[in-house]
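In the working numbering, the protein residues as written are 24 to 320. The beta carbon of each residue, even a glycine, is placed where N, CA and C say it ideally should be. Computed from a predicted model, the values in this text were never measured in an experiment.
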């Protein structure tokens, strides 16, 4: 064994007991993302050290690195902010949730791997998570429309800012199709990417822009169910509803005043509605567990 190999073996042997006491894991809700889409990640820190860990006091206590097969390290746009000191007792798990997309240059389709590093104050150690892989993919364009951004209330009349709505679909593993809205500037730079959810393969999405430059999308996401979403010029979801096929199929209907509504079918209240329903449906799922929970053995 050469000198470098011997040193690495010693390092691995010295870190093995520590990794068994405190473990770090990255969890992703999905393993494929459209270019520009948010990449939400959860970092699970499990403490079995027999002592309370004091975490989060330093700005760099939790950091991330990313790489691809083409680039050993992906350029950063900034450090992922994870602020707030807390104590993690032994036999407990802490979960920190972040969005990685704004802080890394994920502008090329391909396979990426991300690693989290936790620094424990007083231990003089860095704990690395196993690399977690995901793919950035290109979607196919279904529809696009240029529009002008309405002026703010009370603002003087000037030439409107030009933007574009782009409706895209992405084909995922096992034949699943997801629908997205991308808001871009005139040069094609993405300002926001919004996931609309899964769509059945034979659905033909309807898209229309109202007099306030809001985008209305209606598409079929189940055998008899349709998803209706309204996106404002900034890419924010202002309406999300579910409509079921009853005596007629739901469709978008423009009114003479420039507004757009859903005609036909019947609306079904769900826990995912925007705005939230006044009385949550009976089948509303339970809220997520607290951020610090006992680990699974």
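Enclosing beta strand (DSSP E) for residue i [first to last residue]
i           : result
residue 203 : 200 to 207
residue 186 : 184 to 194
residue 45  : 45 to 51
residue 251 : 248 to 254
residue 260 : 260 to 267
residue 289 : 289 to 291
residue 274 : 274 to 277
residue 57  : 55 to 57
residue 111 : 109 to 111
residue 285 : 283 to 286
Nearest-angstrom beta carbon gap, residue j and residue i [assumed within contact, 8 Å]
i           : j           : result
residue 243 : residue 277 : Contact flag wrong, Cβ pair sits at about 20 Å.
residue 247 : residue 295 : The pair is not a contact, with the Cβ atoms about 17 Å apart (cut-off 8 Å).
residue 213 : residue 59  : 4 Å
residue 89  : residue 56  : Wrong, their Cβ atoms sit about 13 Å apart, outside the cutoff.
residue 144 : residue 81  : 7 Å
Three-way DSSP call (helix, strand, coil) for residue i in this model
i           : result
residue 174 : coil
residue 124 : helix
residue 74  : coil
residue 235 : coil
residue 149 : strand
residue 230 : strand
residue 61  : coil
residue 103 : coil
residue 271 : coil
residue 180 : coil
Residues that DSSP places opposite residue i in a beta bridge
i           : result
residue 135 : 91, 157
residue 222 : 200
residue 166 : 190
residue 142 : 149
residue 214 : DSSP output for residue 214 lists no bridge partner at all.
*Between the region 167 to 179 and the region 148 to 159, do at least 3 Cβ pairs fall closer than 8 Å?*
With the cut-off at 8 Å, the region 167 to 179 and the region 148 to 159 do not touch.
*asked:* Check whether the region 252 to 259 and the region 267 to 275 touch, using three or more Cβ-Cβ pairs below 8 Å as the test.
replied: Short answer: they don't touch.
*asked:* Under 8 Å: do the region 173 to 185 and the region 194 to 207 share three or more Cβ pairs, one atom per stretch?
replied: The region 173 to 185 and the region 194 to 207 do not touch, with fewer than 3 CB-CB distances between them shorter than 8 Å.
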